[in-house]
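J.: Shown below is the structure under consideration.
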Amino acid sequence: MLINSFNTKVLTNQNVSIDLKNIINNYPKDKIFVIADENTYEKCLPIVSDILYDKSKIIKINSGEENKNIDTAKYLWKTFSNKFVDRSSLIINLGGGMICDLGGFAASTYKRGIDFINIPTTLLAQVDASVGGKVGVNYNHLKNEIGLFNSAKYVLVDTVFLKTLDKSNILSGFAEMIKHALIFDKEHLRKIMDFDIKSNSLNYIELNELIETSIKIKNHFVTQDFKEKNIRKALNFGHTIGHAIESVMLKANSFLLHGHAVAHGIIIELQLSNRLLGFDMQEMFRIINFISSLYGKIIIRPNDYLNLYNLIIHDKKNSDNNINCTLISDVGKIEINQKITKNQIFEAFNFYTQLNQNHEV
21 MLINSFNTKV LTNQNVSIDL KNIINNYPKD KIFVIADENT YEKCLPIVSD ILYDKSKIIK
81 INSGEENKNI DTAKYLWKTF SNKFVDRSSL IINLGGGMIC DLGGFAASTY KRGIDFINIP
141 TTLLAQVDAS VGGKVGVNYN HLKNEIGLFN SAKYVLVDTV FLKTLDKSNI LSGFAEMIKH
201 ALIFDKEHLR KIMDFDIKSN SLNYIELNEL IETSIKIKNH FVTQDFKEKN IRKALNFGHT
261 IGHAIESVML KANSFLLHGH AVAHGIIIEL QLSNRLLGFD MQEMFRIINF ISSLYGKIII
321 RPNDYLNLYN LIIHDKKNSD NNINCTLISD VGKIEINQKI TKNQIFEAFN FYTQLNQNHE
381 V
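Under my numbering, the residues of the sequence shown are numbered 21 to 381, in order.
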């Protein structure tokens, strides 16, 4: 399937080798460069290595969100210079969201822009980084604080790469798919909740269909509002709180995968949706129970609240000293730019910490 998103063509044809061969034929043989980390170098590069030219250059970086920073970007710029990367070159980002974000940022800023394509190898990257044109790095313990909007020429999505992942990384991507369903419609949410993501033998045909729907949902919002001035903020559901949780964990050297942080953020923002917009309480707990069955629970102590709040007020979508949060009044009914107060956030944290005491989750 071909999904057009601004200047990006997303191919979900499940034949990554054929698609990649057709793309690189448009570039000089000695100007193809691949960015990979130690994991994708070992597990994913062999899947496409027979398509790459002998002179293709592999640029290896360290894996992990802690390396998505300006120092790694500097390393990539220096390597580009040493390897004579120029505007006729193609950068291939082979990896998860970290490599797609970082590699896209380095390519977008070097010589004012080098063509790049993404081959997302994680479920999270396939449903999140596949469309949207966001590239960037973390800075000062804040997620994606430095970056820009610039689109990959192509994104090649193939579930073959998902077979290289552990269950925790599969679940990380699935959290974004839950979010997409919550902001779009009840029928897709039903399909998501019915899918056995915990199975040791995933149904990849069915999963591919769900991935394509997730990409279409994200593209639905992106094409209306590329620069995130309005309705694209719908995609931020679960992220205002989730990013803060992720940043606190990163700062404490207690790493939490992005999707897991978003899952907990969704739970807390569902409570805010219930309180501020009247989201049905029974439905809220049904969804919370489902999410908790997959992601468990993290410990948030009262003395963590202020630290989390201070991170939330740095969210890029805030304006005029107001915390702007995306909430939902019902599944598929989005309310962007909801102003939430410090007290409401603290009460939502209290709700989360007390869940096991009051409800089966």
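Ideal Cβ placement from N, Cα and C applies to all residues, glycine included.
The model shown is predicted, which means the values in this text are computed figures rather than measured ones.
Between which two residues does the alpha helix (DSSP H) holding Phe125 run?
T.: Looking up residue 125 in the sequence shown gives position 105. Phe125 -> alpha helix (DSSP H) spans 117-129.
J.: For Gln146, name the three-state secondary structure that DSSP assigns.
T.: Here residue 146 corresponds to residue number 126 of the sequence shown, with the count starting at 1. Residue state, collapsed to three classes: helix.
J.: Does the count of Cβ pairs from the region 168-178 and the region 199-215 closer than 8 Å reach three?
T.: no
J.: At a cut of 8 Å, does the region 145-156 reach the region 226-240 through at least three beta carbon pairs?
T.: The answer is yes - the region 226-240 touches the region 145-156, with three or more Cβ pairs under 8 Å.
J.: With DSSP as the reference, label Asp50 as helix, strand or coil.
T.: Numbered from its first residue, the sequence shown carries residue 50 at position 30. In the three-state scheme derived from DSSP, where H, G and I count as helix and E and B as strand, Asp50 is classed as helix.
J.: Quick one, are the C-beta atoms of Gly152 and Asn170 less than 8 Å apart?
T.: Numbered from 1 along the sequence shown, position 132 holds the residue referred to as residue 152. Numbered from 1 along the sequence shown, position 150 holds the residue referred to as residue 170. Against a cut-off of 8 Å, the Cβ pair of Asn170 and Gly152 comes out as no contact.
J.: Name the residue from His278, Ile354, Val268 whose alpha carbon lies nearest to the alpha carbon of Leu296.
T.: Working through the sequence shown from its first residue, we reach residue 296 at position 276. Cα-wise, what sits closest to Leu296 is Ile354.
J.: Spell out the partners DSSP gives Ser25 in its beta bridges.
T.: Here residue 25 corresponds to residue number 5 of the sequence shown, with the count starting at 1. Per DSSP, Thr28.
J.: Taking the beta strand (DSSP E) that Glu165 belongs to, which residues open and close that run?
T.: For the purposes of this step, residue 165 is taken as residue 145 along the sequence shown, with counting starting at 1. Counting along the chain, the beta strand (DSSP E) containing Glu165 begins and ends at 162-169.
J.: For the beta strand (DSSP E) that Asp350 lies in, which residues bound it at each end?
T.: As a working mapping, residue 350 is identified with position 330 in the sequence shown. Residues 344-350.
J.: Considering Glu355, what are the terminal residues of the beta strand (DSSP E) in which it resides?
T.: The residue labelled residue 355 in the question sits at position 335 within the sequence shown. Per DSSP, Glu355 belongs to the beta strand (DSSP E) from 353-359.
J.: With distance defined between alpha-carbon atoms, name the residue in Ile71, Lys49, Lys163, Leu72 nearest to Ile90.
T.: The count along the sequence shown starts at 1 and reaches residue 90 at position 70. The shortest C-alpha separation from Ile90 is found at Lys163.
J.: How would you label Gly316, buried or exposed, when you count the other beta carbons within 10 angstroms and need 16 or more for buried?
T.: Stepping through the sequence shown from its first residue, residue 316 is reached at position 296. Classification for Gly316: exposed.
J.: Report back the beta-carbon spacing between Ile139 and Ile52 to the nearest angstrom; my notes put them in contact at under 8 Å.
T.: By one-based count along the sequence shown, residue 139 stands at place 119. By one-based count along the sequence shown, residue 52 stands at place 32. Rounded to whole angstroms, the Cβ separation of Ile139 and Ile52 is 13 Å, and the two are not in contact under 8 Å.
J.: State the CB to CB distance for the pair Val242 and Gly262, rounded to an integer number of angstroms; the pair is presumed to be in contact (CB under 8 Å).
T.: Against the sequence shown, residue 242 aligns to sequence position 222. Against the sequence shown, residue 262 aligns to sequence position 242. About 19 Å separates the two Cβ atoms, so there is no contact after all.
J.: Where do the N-terminal and C-terminal ends of the alpha helix (DSSP H) with Val36 fall, by residue?
T.: Indexing the sequence shown from 1 puts residue 36 at position 16. Counting along the chain, the alpha helix (DSSP H) containing Val36 begins and ends at 36-44.
J.: With DSSP collapsed to three states, give me the class of Tyr372.
T.: Position 352 of the sequence shown holds residue 372. Reduced to three states, the DSSP call for Tyr372 is helix.
J.: What span of residues does the beta strand (DSSP E) with Ile79 cover, start to end?
T.: Locating residue 79 in the sequence shown gives position 59, where the first residue counts as 1. Residues 77-81.
J.: Quick one: Cα of Lys187 to Cα of Asn33, how far?
T.: In the sequence shown, counting from the first residue as 1, residue 187 sits at position 167. In the sequence shown, counting from the first residue as 1, residue 33 sits at position 13. Approximately 24 Å, taken between the alpha carbons.
J.: Let me check you understand the geometry: is the CB of Asp324 closer than 7 Å to at least one non-hydrogen atom of the ligand MG?
T.: With respect to the ligand MG, the structure offers nothing, as it holds no ligand at all.
J.: When you compare only the Cα positions, how much space is there between Met269 and Leu191?
T.: Within the sequence shown, the letter at position 249 stands for residue 269. Within the sequence shown, the letter at position 171 stands for residue 191. Taking the straight line joining both Cα atoms gives about 18 Å.
J.: Between Val351 and Leu209, which are expected to be in contact by the criterion C-beta below 8 Å, what is the C-beta distance as a whole number of angstroms?
T.: For this step, residue 351 is matched to residue 331 along the sequence shown. For this step, residue 209 is matched to residue 189 along the sequence shown. Rounded, the Cβ-Cβ distance is 6 Å, consistent with contact.
J.: Near Phe194, which residues of its chain fall below 6 Å by C-beta distance, leaving aside the five closest residues on each side in sequence?
T.: For the purposes of this step, residue 194 is taken as the residue at position 174 of the sequence shown. Cβ within range, chain order: Ile217.
J.: Between Lys271 and the rest of its own chain, which residues show a CB-CB distance below 7 Å, the 5 nearest in sequence each way excluded?
T.: Working through the sequence shown from its first residue, we reach residue 271 at position 251. So the qualifying residues of the chain are His161.
J.: In whole angstroms, what is the alpha-carbon distance linking Leu314 and Ala93?
T.: Along the sequence shown, read from residue 1 onward, the residue named residue 314 stands at position 294. Along the sequence shown, read from residue 1 onward, the residue named residue 93 stands at position 73. Spanning the two alpha carbons is a distance of roughly 34 Å.
J.: Beta-carbon within less than 8 Å of Gln377's beta-carbon, same chain only, minus the 5 sequence neighbours each way: which residues are those?
T.: For this step, residue 377 is matched to residue 357 along the sequence shown. Bear in mind that a pLDDT of 48 at Gln377, under 50, signals an unreliable position, so the number given afterwards is only what the model happens to contain. So no residue of the chain qualifies.
J.: Can you tell me the Cβ-Cβ gap for Ile320 and Phe369, rounded? I've got them flagged as a contact below 8 Å.
T.: Position 300 of the sequence shown, counted from the first residue, corresponds to residue 320. Position 349 of the sequence shown, counted from the first residue, corresponds to residue 369. Correct: roughly 6 Å between the Cβ atoms.
J.: Comparing C-alpha positions only, which one of Val54, Ser37, Asn24 sits nearest to Ile134?
T.: Residue mapping note: residue 134 aligns to position 114 of the sequence shown, counting from 1. Comparing Cα positions, the closest option is Val54.
J.: Let's test the definition: count the other Cβ atoms within 10 Å of the Cβ of Phe204 and tell me whether it reaches 16, buried, or not, exposed.
T.: What you label residue 204 is simply residue 184 of the sequence shown in a count that begins at 1. Buried, because 16 or more other Cβ atoms sit within 10 Å of the Cβ of Phe204.
J.: Can you tell me whether Ile225 is buried or exposed? The criterion is at least 16 other CB atoms within 10 Å of its CB, across all chains shown.
T.: Position 205 of the sequence shown, counted from the first residue, corresponds to residue 225. Per the 10 Å Cβ criterion, exposed.
J.: For Gly156, list the residues DSSP reports as bridge partners.
T.: In the sequence shown, counting from the first residue as 1, residue 156 sits at position 136. Answer is Gly167.
J.: Going by beta carbon distance, what residues of the same chain come within less than 8 Å of Met304, once the five residues before and after it are set aside?
T.: Sequence index remark: in the sequence shown, residue 304 carries index 284 (1-based). If we look at Met304 and ignore the five residues flanking it on each side, its Cβ neighbours are Leu290, Gln291, Ser293, Asn294.
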